[in-house]
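First the structure, in the form of structure tokens, and then the observations on it.
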């Protein structure tokens, strides 16, 4: 999640203005963050079942 957080400020930066927007997309962008949050929630739920 640290990589997502570091590049989140660049999510709207056009590719022509530097690599920040590219890195945001490389890390999965907003969809990647949402997936990671859902995955962490799933792992937490599975741990609680045990």
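Residue numbers (this note's numbering): 694 to 743.
Yeah, the Cβ is synthetic: ideal placement off N, Cα and C, and Gly gets one too.
In this structure, DSSP gives residue 703 a state outside helix and strand, which the three-state scheme calls coil. Contact between residue 700 and residue 711 is absent: CB atoms are separated by about 11 Å, not below the 8 Å threshold. In the displayed model, residue 712 falls within coil according to three-state DSSP, outside both helix and strand.
A straight line joining the alpha-carbon of residue 740 with that of residue 733 spans about 11 Å. Under the three-state reduction of DSSP, residue 741 is assigned to helix.
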